[in-house]
Each structure stands twice: as C-alpha cells, then as structure tokens.
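Protein chains: 2
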Amino acid sequence: MNEINIGILGCGVIGTGVAKILIEKSDLLSKRTGTKLNLKYISDLDTNRERDVKFDKGVLISDSEKIINDPEINIIVELIGGQTIAKEFIIKALKNGKHVVTANKALLSTHGNELVKIARENQVDLAFEASTAGCIPIIKTLKESHIGNHIKSISAILNGTCNYILTKISKQGFSFEQALKTAQEKGFAEADPTLDIEGIDTAHKLAILNTIAHGIDFNLEDIHVEGISRITPLDIQYASELGYTIKLLAISKFNPDNIEARVHPTMIPVSNPLSNVDNSMNAVVVDGDATGHTMLYGHGAGMMPTASAVINDIADISRTFLAGSKRRTPILGFPEKNIKKAVILPMKNLTTRYYLRCIAEDHPGVLSKVSGILGDEGISIETVHQKGMKSNGTVPVVMVTHIAKEENMLKALNKISQLDSIPEEPYLIRIEDNK
Amino acid sequence: MNEINIGILGCGVIGTGVAKILIEKSDLLSKRTGTKLNLKYISDLDTNRERDVKFDKGVLISDSEKIINDPEINIIVELIGGQTIAKEFIIKALKNGKHVVTANKALLSTHGNELVKIARENQVDLAFEASTAGCIPIIKTLKESHIGNHIKSISAILNGTCNYILTKISKQGFSFEQALKTAQEKGFAEADPTLDIEGIDTAHKLAILNTIAHGIDFNLEDIHVEGISRITPLDIQYASELGYTIKLLAISKFNPDNIEARVHPTMIPVSNPLSNVDNSMNAVVVDGDATGHTMLYGHGAGMMPTASAVINDIADISRTFLAGSKRRTPILGFPEKNIKKAVILPMKNLTTRYYLRCIAEDHPGVLSKVSGILGDEGISIETVHQKGMKSNGTVPVVMVTHIAKEENMLKALNKISQLDSIPEEPYLIRIEDNK
C-alpha cells in the first residue's frame, strides 16, 4: 500500500480540524481510499498553543519551508489564509511539484488565474472544495455532475454571518445591530465583520463558482458587490407582506453574450427553496438546462464541515495518484486551454424588478414627485404601498417596479434622494422571481 | 485527441435523452472533457419509432450483441431496465472489458454484489449515478464527498410519484385515489403504480445508498418496505395539527452493531428540510459526523435530468481513461476488499415513536381498552386526540406514543384490531424527529 504524505500549512481552526480527521479517522480514510493518508507535518508559527488534537512528536513544526521542500510530501494543504505568504507558499509548492489543496477564497478569486497557470506548467493539481460553501460539495458538483448541462444560473447563500443576521431580523424581529451583536457573541461573526456584512466574502466565492460553472477565467473586479447593512426590519416586513424573503444572494447567470455576476440583498418568493435556508446555513441552487433546478444545502463554515471538504480534496488527489495518474479532472472543470475570458454584464445594463423604499415627509405631493421621477426614467410601477407614520412625522413609501434597467433606476434614485421631502437616502432591493 | 466510443443499449425515454446530449451537446462535452464522446451505436428492438433526436445512418441498430462485442467501444450504457436481458448484457459487456454505466436500480439492488465482483475480476468500472434520485449527484457525493465522515444517517425522498401524491393530499385535500389518478394523467405514475406506491422502487434505491454509505454489500431482502396506500387525508390532517408532514422516506442509520434500513411513511417535523420537498421532487439528507446535516434536492426522474446523470458517469470514466488509468474510484466508494457483510437491524427490534390511528365505534370504554392494550405491551402514550365523528357513527382515535419497540407495537396493533369496537384495521405511522 502506497502511503500518501501530506503537509499542512497553518494550524488554526480549519488546520486543526483537518489534522483531527487525518489522525483520528485514519482507519476510515484507509478503508475508503485503500491507502494511508499520512500527516507528515503541520506548520504554525505558534507551536505551543493547546489544540484539540494530539500530534506525534515532531509533526507540528514552525517551519513551513521545510514542508514545502520535503521530497516525500505529495500534497500540501494551505490553510494560512490571506493573500501574501499563503500565495508565496502555494506557488513554491506547485513549482516543487506538489499538489495543492486550499480553502483560500480571497486568494483564488484574486490570483486564481496565475495559480492555475503555475499548476498547469508544473503538471500538478490545485483543489479548493473548501473555499466555497463549507462542506457543500458544490465545486465537485459543478465540475463533475453537470457535464451535459449549460449552467443557466446559480443563486446561492454563501455567507453564514449574513444569513444568520437576516434570519434574526426576519424571524425574531431583531434590529440589524442586535442581530450582528448576537452573531458575534455566538462566534458566527468576526470582531470586524466588514468582509462578511458588505458581501465581499460572498463575492470571493461567487468569483470561484462563476469560473467553474461557465468555463471562464477568474474575474472578481467586475462582480457587483453590495452588503446587507442598509436593510431594515421595515424592508423585511414589507418583503413578507409581498410574499418575499430577503437573502444576500450570489447570482451568476449565463446570457448569450455575457455572464451576470452580482452579490446583493435579493427578494425571492417564499416558494423559492432558498427562502427556507435559515440561520448560518448555506445553500446553492443550480439551474442546468438538462437537470432543471437542483439545490445543495449544508454548513458553510465551521471547523469540522470545512475540514471535511479539505479531506475530500486530499482523497481525490490521492485516488488519482493511486490509479497511476494525475490531474484527472481539470482544475476549473474545463481544460485550461478551453477557459474563455470572462465578459461580465456591466451592472448598469442589468434589467430586473426593484423594491424601492423612500422615507418621506408627510407632505401632499411627495408620492406624485417620486412616481414622476420614476416615470421620467421610463420605469413603470407595479404596486405602491404607503401606511403608518414614524414618530418623527415621516412615512415610508414602498414601490415595486416592473422590469427596469439598473442605469435608469440609479438615475431615478439619485434624483429622488435630492427631493426636500425625502430626508433619508432611498434604498432599493432587487427582486428575483423568474424561477 | 482520443475519442471515447460509447454504445447505448435501449433507446427508450432515458436512452433517447442520453443520445440527445451526446449528439446535440457534443461541443459542450468536448469543451469540458477535452475529448469527443462519440455515440457509435444505440440499440433498440424498435428502430422505426419516431424519436426526439436525429441519428446518423447506422447508429440506431437492433442488435445489442454487436455493440457489446465491438472492440472499438469503451463504454456500454445499459438503459433497457429489468433484471433478465439487461443483466445478461451487462455481464457480457464487463467480461468483454467494457466499462458499464447503468440506471438499473432493480438490477443493482438485487444482483449488485455479483455485478461488482465481475467488474472487479475484469478490472473495469461500473457506474450508476442515474439509478438513484435522478440528477441529484448523491452517488458521487457519498463516494467522494464524505470521505472523512462516518455516515450517521440518510433520510431521503426517492420516489416522485409517492411524493406527488402525498403533496396533493396534504396541500390540496385530494383523496389518495384522486391524487393517484392525477399523477397518472400527468405522467408521474405508471398505469400499474405498484412498484412506486408500495415503496419497492424506493427500497431499490435505498439498498444502493445503504451500500455506498456504509461500505456494506447490497442487501435488499432485509430492508423493511411499506408503501403509502393506507394513508388517509385524516392522517395528514392530524400530522399537520401535531406539527408534522408525512413523507415516504428511505431511512438508513448507522448503529454500532448494525444498520437500520427501512422504507415507510414517516412523520417528520415541519422544520425538517425534507418537509418542504413537494410534488415530484426528490431530496436526500445525509448526516455525516463531520459535515452535520446536508441536503441535496432536485428532479428524481424524467428524460433529461436522468440522462444528465448518465452523462456524468460517462464523463467520469472518460476522464479517468484519458488520464491514463481506470477504476480510479471504487465502484461502491470503498475498495471491494473492504466491503463488509450487511447486518440489518431486524425491524421488530426497531425503537421509535409512533402515531396510531384507530377508527372506533363510539362506545364508552373503547379508549380505555386501546390504551390498556398499549400499556400491557409496555408502550407509553404521549398524547391522545379524539374529536369529530364519522357519518357512520365511528370516531377516529389518534395516539402518539413515546419511544416504543416495533415488536411490542405490532403485538398491540394485532390485539387492537381484534376488538369488536374497532371495525377498521388500525394504522401506524413511524415518527422521526430526533433530527
């Protein structure tokens, strides 16, 4: 039985989880793969901290370079995170002929094209199941289980922090601030939650899904990103009355001439299976032209779910190695020579339906002014909702539009915000209900 | 570029779908796999019938043996169905050194051990993603994406016909007969629906999932199977009042000394994600000890979803072949030498909670007799529900038990059915709510 030697860079939460499975479930892994997946080394600058796993002497070391340069090591697992030292280590490992497994979505989404090229030049594999949606096998599913499908669209909940906050606001009436605080107390949100709350983490993951779904290169910079910090309980209440749930979605759509790729709060009908995905759970709906809609649901983060995804990549590479080959499945699902340049639809050209919330002073004629501005921009209103009054004398006016163009909607929004009788910045939420 | 030559046996609905993808999406398949997946032959006894795909001259033939014996053909796809000629053809193909793809759940679940053995002896692959849950990639997910997990349990909706009928009864107040008739009119149910309605098709699929989840041999005969034909709108109404949905579930659980494997109508809490899986959709919840609960959801049948799954298997075998190897992933997820004999928990030893419905004549003392019988068998009652009266003077009595042993429950049921004041056979539904 050939042994596969593994070196892990980074012994934080996920690194510890991966080590736990490799060590504590060695028997199960051998039974499934027919080989021993041997953790030779794991590196961390801090080798003294107490961790929830027992290493043999000499396994936990501080020198990552020693791991990368060890000729016995077949697979390097990068779990340091970030885009500086992690990138450097991955490149060295690839150049040393090591297969690399990583969960680093920030790095892949920004430097993925370069890393894939280096992996190809060195004829090694680069795997990243754990980078997106935790234990949900969406990378493998897109690369291997939609082979005969044009992917028409992907809609996904990819950030547990945002989904937890939105669930707390909608199901328990929390304010945004209360919900965030609870998420932080429960460990679902970082002390600085910007990456999550502002949709950036979701955009990193969308860039990855976009690439493997459509066979295009990584293109993070053209993805529209909007977070959830401006959503109020009022919006959620109106959404519910209109038959919608608000979720932070990653959306990827295949158009004949371009790809839509955007991250923003989205109103989806309560009948959409994503609307039942609550708390910190993740889910991905893929619409293939042969499969129709499928959904994968599970834990998108956490030590063991994420470690489980890393182990899948290790086993995948090992099985291919044991079968006497390598690079069996293209890194991006399509052989590199078939990867096309990404052409992302400019956001201003998007057409969709909108929910528009204005907080208006209760003067006669406000409604007429707002609807006049929308009319001037060629935006047709489907429904108007006005009721109640805030203690400060303002009144929320909510409108739902027919299909409109983003560019026109933004022009209208700008004009509306300049009205004297609209003291607060108006806010729009895009609606997706053509399931 | 090496071409992969494919021969399909059977040009019915699914065979036509697979041929459509191979022919009409040849470009997409080449882009993804880097090779041409060439449909060399497809056989059917009827070569004249109009089909929704255009074959080149000489591709559609009546002689299956010619395909099986063609030395140029790499992969044989068996889509004839049934357990006689299909089995014979698969064995011949395996012995001729062909990799085989099949969707034949009835054959696999009954003769899977023999077929896997022959595939191993001839060092070829046997793939069957399309056999279970249509386009949902549950076979691949269990074999490749839960590597570091002990599978604690699987609960699945695997039969679209039953799920459609149960949805119509619960959401639209149909009777069982009305719902079945509608399913037949819509093409979701066969003229003879026995295989579906009585849970047999679900049991075939469970036998397959059970095998690859736990690394045990196929064992259909020990799976308890019960269909949905005795469920009434009354049961569904009570379930709803108690906070449950009734679904026909395939359940597989890993116990230290044995495996539970059973198919029966099941009450699940409305908070269980399977309770939102409606109409003809399928879904599989897998509880891994590292991943926690994950769910895969999608179309479990139909021409294109099923054909899509067959194409995945073809591409998988082709990618391994192109990488210069074969049999990369064990047929059953575990190398054959590690497959253990299945030890299925005898149903009489099951412990669970029960819903019990008795239709009683409205005599004083009936409730006391029924509860007395349960007490005699050591079964403790959690709640009792009695209300309303049928026009014939009978009254439904519904009880929910605490955890009880199946053997005792069946004894009690037998005694209750012999009471003079219980004119109809009493009925029990098992409850699963330890999520």
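As they're listed, the protein sequences go chains A and B. The C-terminal residue of the first sequence carries number 1073 in the working numbering, and the numbering is unbroken. The C-terminal residue of the second sequence carries number 1073 in the working numbering, and the numbering is unbroken. Beta carbons: idealized from backbone N, C-alpha and C, even for Gly. All values reported here derive from a predicted model rather than from experimental measurement.
For Pro943(B), the nearest CB of chain A lies under 8 Å from its own CB, placing it at the interface with that chain. Going by beta carbons, Phe727(A) and Glu716(A) fall inside the 8 Å limit.
Under the Cβ criterion of 8 Å, Leu887(A) is not counted among the residues facing chain B. At the C-beta level, Thr673(B) and Glu641(B) come within 8 Å of one another. Just so you know, the alpha carbons of His1040(B) and Leu872(B) end up roughly 21 Å apart. The DSSP-derived three-state label of Ala794(B) is strand.
Of all residues in the stretch 656-669 of chain A, only Ile659, Lys663, Leu666, Leu667 and Lys669 place a beta-carbon less than 7 Å from a beta-carbon of chain B.
Between Lys891(B) and chain A, the shortest Cβ-Cβ separation is not below 8 Å.
Approximately 4 Å separates the beta-carbon atoms of His842(A) and Lys743(A); this is inside 8 Å, confirming the contact.
Residue-level contact by beta carbon fails for Ser808(B) and chain A, as no gap is shorter than 8 Å. Note that the C-beta distance between Glu898(B) and Leu983(B) is below 8 Å. Considering only Val1008(B), Ala953(B) and Val901(B), the residue with the shortest C-alpha distance to Ser668(B) is Ala953(B). Sequence-distant Cβ neighbours of Ile807(B) in its own chain, meaning closer than 8 Å and more than five residues away, are Ser813, Phe814, Ala817, Ile869, Pro871 and Ile874. Per DSSP, Ala768(A) lies in no alpha helix (DSSP H) and is assigned neither H nor E. Under the three-state reduction of DSSP, Gly930(B) is assigned to strand. Between the alpha carbons of Ile699(B) and Gly645(B) lies a gap of roughly 11 Å. Chain B places no beta carbon closer than 8 Å to that of Tyr802(A), leaving this residue out of the contacts. In the displayed model, Glu999(A) falls within a strand according to three-state DSSP.
In this structure Pro943(B) is buried. Its beta-carbon is surrounded by 16 or more other beta-carbon atoms within 10 angstroms. In this chain, the alpha helix (DSSP H) harbouring Lys733(B) covers Ile723 to Lys733.
Proximity of chain B to Tyr882(A) at the Cβ level (cut-off 9 Å) is not reached, the minimal Cβ distance being about 16 Å. Contact between the stretch 1003-1012 of chain B and the stretch 1047-1056 of chain B is established, with three or more Cβ pairs separated by less than 8 Å. Annotation: the continuous alpha helix (DSSP H) that includes Asn1046(A) extends over Glu1044 to Ser1055. When the alpha-carbon of Asp763(B) is set against those of Lys885(B), Leu753(B) and Met1027(B), the nearest one is in Leu753(B). Interface with chain B (8 Å Cβ-Cβ cutoff): Ile785(A) is included. Contact with chain A is absent for Pro903(B), since none of that chain's Cβ atoms lies less than 8 Å from the residue's Cβ. Relative to the Cα of Asp895(A), the nearest Cα in the group Ile706(A), His852(A), Leu745(A) and Met905(A) belongs to His852(A). In the three-state reduction of the DSSP assignment, Lys704(A) falls in the helix class. One alpha carbon belongs to Ala998(A), the other to Lys1007(A), and they sit about 11 Å apart. No Cβ of chain A is located within less than 8 Å of the beta carbon of Pro907(B). Beta-bridge partners assigned by DSSP to Lys885(B): Thr904(B). The residues Cys996, Ile997, Ala998, Glu999, Val1004, Val1008 and Ile1054, in chain order, have a CB closer than 8 Å to that of Ile1060(A) in the same chain once the five nearest residues on each side in sequence are set aside. Chain-ordered listing is empty here: chain B has no CB closer than 7 Å to the CB of Phe826(A), the nearest sitting near 15 Å. Residues of chain B with a Cβ closer than 8 Å to the Cβ of Thr805(A) do not exist; the shortest Cβ-Cβ separation is about 13 Å. Taking 8 Å as the threshold, the shortest C-beta distance from Ala899(A) to chain B does not fall below it. 8 Å or more divides the Cβ of Met1047(A) from the Cβ of Gly655(A).
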